[in-house]
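The structure under discussion appears below in the form of structure tokens.
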Amino acid sequence: MIEIDNLHKRFGKNEVLKGIDLTIDNGGIFAVLGPNGSGKTTLIKSILGMVVPNSGTIKLNGTSIKKNWEYRNDIDYLPQIANFPGNLTVKELIKMIKDLRSSKTADDERLIELFKLQPFLDIKLNNLSGGTKQKVNLVLTFMFDSPLVILDEPTTGLDPISHIRLKQLITAEKEKGKTILITSHIMSFVEEIADEIVFLLEGKIYFRGSIPALKTKTEQSDFEHAIASMLSSSYA
Amino acid sequence: MLKILKYSFFDLMRSRWSYVYFLFYLLLGVVLLFLNNDLSKAVITLMNVIIVLVPLIGTIFGVMYYYNSKEFTELLLAQPVKRSSIFLGQYFGVALSLSMSLIIGLGLPFVFYGIFNSGAIWDFSLLLVTGAFLTLIFTALAFVIALANENKIKGFGYAILLWLFMAVIYDGVFLMSLVYFEEYPLDKFSLVATMLNPVDLSRVLILLKLDISALLGYTGAVFQKFFGTSVGFILSSLMLTLWVIVPTYFIQRMAKRKDF
Amino acid sequence: MNKRFLHSILFFLLFTATLFAQRIEVCTSCKISTIIQAVEKAEPFDTIIVKKAVYKEYNIGITKPLTIIGEGNPVIDGDNKGEIITIESDNVTIEGLTIVNVGTSYTTDFAAIRVVKSENFLIINNTLERLFFGIYLEKSNHGKVLDNTIKGDAVNEYNSGNGIQLWYCNNVEVTNNRIRNVRDGIYLEFSDQIEIKNNKSSNNLRYGLHFMFSNNDTYTNNLFEDNGAGVAVMFSKFIKMYDNVFRKNWGTASFGLLLKEINDSEIKGNIFEENTVGINIEGSNRIEYSNNDFKSNGWAVKVRGACYANTFTKNNFLYNSFDISYNSKINDNVFDKNYWSNYTGYDLNKNGIGDVPYRPVKLFSYIVNRTPETIILLRSLFIDIIDFSEKVSPVFTPDNLMDNNPLLKPIRYDRDR
């Protein structure tokens, strides 16, 4: 369970999060949406401890994450841009991440098989294409069995087949009872998999609820239009 | 931290730059010893390299590594690893690989030259240890600068400025103040001013050990008295260590507060 | 004809005198047990043999031509009471004695062996220890001081004496002596035509060798090491300094060689190594410096005003912190065809001579002269930069001071050492 209470974050003069209160219960897929600069990534990074909030608390299963790092053992994170130390090979990178989380058993073999990464295992990460890197990124994220999964733009650079595999993977994880946090710009993708939407606007939560609830609220039958109407009404 | 250090170190050991750096020192050592066969001249050149080039390379390499491994850092930040361990691990990874390139690169030619059979082994070790210290110091300072500046260009600018200050400007100001206040007793002042800049401190330490002709005469005697004794030597080593510890502390502090 | 006859007579008299000369032995159990007794009893041209023992004697006055020879290292112990041997006669030889504990006084210069107004003396193979003055030659000519060892225990300049002192002497040879721990190793005042060879003068309080108002002297092949200053030549003329070694004269006011008011001399084939200042020159004119090695000195040559028409040719300047230093902008001295290890020029026509002139005076040496503490910045990058800019456009240093023909390789001399 994630409990976020009155979270504020400022970068210089730019106030990105203006008091976020959010409670996410265990289990289910939650999509964090919002226009560019609305604070999606900042929110996610706050949960991960990569961004240090100005005020407010974040608790994970009842414990504050402040000055704590072990809690990240319970989180799998897929960063937005997949860039790795260039002089390592894929195999070494996987080994290294496993090494850093030595307490857990990893499921890398199956995932390598799934994304057909065997031919790339001994190639240095510098020499991989963007799509392949994203696949490696996915392997690194899903190979551990953590109760919380955070995916920042997971579909970037993926070919259609991998895209489908990713969806299957996310669904499978959900079935295990995990909590999954996703940001994405691909609305069809969100509509397809998300159980609940958290819509951020100018550093505040503008809407929180299921997709049908959103559609009802905005009186739109189409999800994409519902989002658009929410945006235009707020700018009006 | 040791795990991060290990990976940073291996990552660097495979990078082209480490080899370039290593080969540069190897070549320098070979040229100085075997082609020029004039040991006195070799020592002077070597000292110039240690006090000018080593800080410069440490600074640039430190800043470069920090900015280039930003994504790697972010990947690590999401892992269950302590923040300060990540940065300290990376810092020591860079500093150690640079120091090793220096020590092995310069050491090999000297070993083949037969340094182990000569009395110069201690003086030569002092040269290498000083070089290693300067690498540690300037890489740490580079990390501090990089942590403080998101902007790559700015970071590089400040790093170069820092080097320029330590290697050139500081001495300029030092010289001006000595000449300006020449009527006053300046022994203590110049001792302190030397101790405060790691580049100057290293230069004086090496000069007193290797280049006997250099600091003779009046003030030379004063400095010989200070740096020649074990108290002076311990104090200088302490000062150099302090120069490593303080920036390292800042790395840790800044790493704790920084957003990514 | 008449003169020649007189000469023959004189020679005959001398010959017979030597023929009838006696040997007198001195030992503790002999009939004659003190040297003073022996000297009293002896006729001119006798030989006194001093056997191995310790003789507590001082004020031994020799007023007739005698030869005194020590056998098996006899020791004369003066018990710090005064002068030991005073020679006031021509043709005296002192050989093989060990003289210790010469008296010290603030009013009289007591010596181990003093020669007064005498000629043809020979002082050979003696050992002098714990002394005030060692061998003191006073208005004496045509003598030799050979193979002596003089070892003092001087601590302060004001109550210590010199190893070998020459005062108003001419034509004396000082060879193969080893002198240490006295005030001046060898001191010459108003002494001309003196030849000083193969001596080793070290660890002396003041100078290894010191000239005052002495002309036409030569010193060759000597070693001056660890002295307050190696050699000082002051107010003298026509001195020849060949093939000497000046080493390790370190300290605040230390020099290998100090020249003050000296003209028309030659300095050739010497080695100056690890001195604070190799040569310090003040008010010296028309001196020729050639074939010298200046190696690892703080300053190889320090010129302090009023030095004209000196020439420096074919010297090696090797790894000195500063090659030449000047305290003025005026230069009337010539530097030509020297080797400078700090030279960074090139030689495109391969004639062994650099194509760009070398400027031996650096801006930094000018600064250090002004503010000595700045030496701490030696070899720093900043100093290299300002030295370079001064080299390009001289502001503080004499702009005509340069070696137009700097050699690219050190000169190799055939030294017999």
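Chains as they are written, first to last, in our numbering: chain A, 1 to 236; chain B, 1001 to 1260; chain C, 2001 to 2417.
By construction, the Cβ of each residue, glycine as well, lies at the ideal position given by its N, Cα and C atoms.
The model shown is predicted, which means the values in this text are computed figures rather than measured ones.
The alpha helix (DSSP H) enclosing residue i, as first and last residue numbers
i, result
"N2316 (chain C)", "That residue, N2316 (chain C), is in no alpha helix (DSSP H); its beta strand (DSSP E) goes N2316 to L2318."
"D1011 (chain B)", "L1002 to M1013"
"R1253 (chain B)", "S1230 to R1257"
"H163 (chain A)", "P160 to E175"
"V2392 (chain C)", "L2381 to V2392"
"T2098 (chain C)", "T2098 (chain C) -> not in any alpha helix (DSSP H); beta strand (DSSP E) instead, spanning T2098 to V2100."
"N1068 (chain B)", "V1054 to N1068"
"K2329 (chain C)", "Element bounds for K2329 (chain C): n/a, residue is neither H nor E."
"Y2366 (chain C)", "L2363 to R2370"
"E2025 (chain C)", "Not the alpha helix (DSSP H): E2025 (chain C) falls in the beta strand (DSSP E), residues R2023 to V2026."
"S46 (chain A)", "K40 to L48"
Residue-level contact to chain B via CB, residue i, 9 Å cutoff
i, result
"N14 (chain A)", "no"
"A2229 (chain C)", "no"
"E2390 (chain C)", "no"
"T2344 (chain C)", "no"
"R2417 (chain C)", "For R2417 (chain C), the pLDDT reaches just 41, beneath the cut-off of 50, and the residue's location in the model is therefore unreliable, leaving the point undetermined."
"Y2168 (chain C)", "no"
"I2099 (chain C)", "no"
"R2379 (chain C)", "yes"
"R2370 (chain C)", "yes"
"S2191 (chain C)", "no"
"T2374 (chain C)", "yes"
"M143 (chain A)", "no"
"I75 (chain A)", "yes"
"I2367 (chain C)", "yes"
"L88 (chain A)", "yes"
"Y2358 (chain C)", "no"
Proximity to residue i [Cα-Cα], best of the options
i, options, result
"I81 (chain A)", "B:L1075, B:P1080 and B:A1142", "B:L1075"
"P1055 (chain B)", "B:A1132, B:L1032, B:F1010 and B:V1179", "B:A1132"
"T2149 (chain C)", "C:E2157, C:R2130, C:Q2193 and C:N2244", "C:R2130"
"Y2339 (chain C)", "C:E2288, C:R2412 and C:I2048", "C:R2412"
"L1186 (chain B)", "C:L2401, C:E2261, C:G2070 and C:P2372", "C:P2372"
"A2253 (chain C)", "C:Y2058, C:P2410 and C:G2278", "C:G2278"
"Y2326 (chain C)", "C:A2154, C:I2123 and C:F2396", "C:F2396"
"Y1091 (chain B)", "B:V1031, B:I1004, B:T1241 and B:F1110", "B:I1004"
"N1068 (chain B)", "A:F84, A:R72, A:P79 and A:Y71", "A:F84"
Min CB distance residue i to chain C below 9 Å
i, result
"M1047 (chain B)", "yes"
"I1160 (chain B)", "no"
"F1189 (chain B)", "yes"
"G1157 (chain B)", "no"
"A1132 (chain B)", "no"
"I1004 (chain B)", "no"
Extent of the continuous beta strand (DSSP E) run through residue i
i, result
"Q2165 (chain C)", "I2164 to W2167"
"K2237 (chain C)", "A2229 to K2237"
"L33 (chain A)", "G28 to L33"
"A2112 (chain C)", "A2111 to V2116"
"A2300 (chain C)", "W2299 to V2303"
"S188 (chain A)", "First-last for S188 (chain A): M187 to I193, but that is the alpha helix (DSSP H), not the beta strand (DSSP E)."
"Y2158 (chain C)", "Neither: Y2158 (chain C) is in no beta strand (DSSP E) and is coded neither H nor E."
"G1172 (chain B)", "Careful: G1172 (chain B) lies outside any beta strand (DSSP E), inside the alpha helix (DSSP H) at Y1170 to Y1180."
Opposing strand residues paired with residue i [DSSP bridges]
i, result
"D5 (chain A)", "A:T57"
"H2210 (chain C)", "C:Y2187 and C:A2232"
"N2263 (chain C)", "C:K2237 and C:N2285"
"E2138 (chain C)", "C:V2116 and C:W2167"
"T2104 (chain C)", "The partner list for T2104 (chain C) (beta bridge, DSSP) is empty, contrary to what the question assumes."
"W2340 (chain C)", "C:F2317"
"F2133 (chain C)", "C:A2111"
CB contact below 9 Å: residue i versus chain A
i, result
"Q1252 (chain B)", "no"
"V1020 (chain B)", "no"
"D1011 (chain B)", "yes"
"L1077 (chain B)", "yes"
*asked:* Closer than 8 Å between beta carbons: that is the criterion. Which residues of the region 166 to 178 of chain A meet it against chain B?
replied: Cβ contacts with chain B come from no residue of the region 166 to 178 of chain A.
_Residues of the region 46 to 69 of chain A whose Cβ lies closer than 7 Å to any Cβ of chain B, in chain order_ = So the list reads L48, M50, V51, V52 and W69, given in the order they occur along the chain.
*Near-chain B residues of the region 2322 to 2344 of chain C (beta-carbon distance less than 8 Å), N- to C-terminal order*: For the region 2322 to 2344 of chain C, the set of positions with a beta-carbon nearer than 8 Å to some beta-carbon of chain B reads S2341 in chain order.
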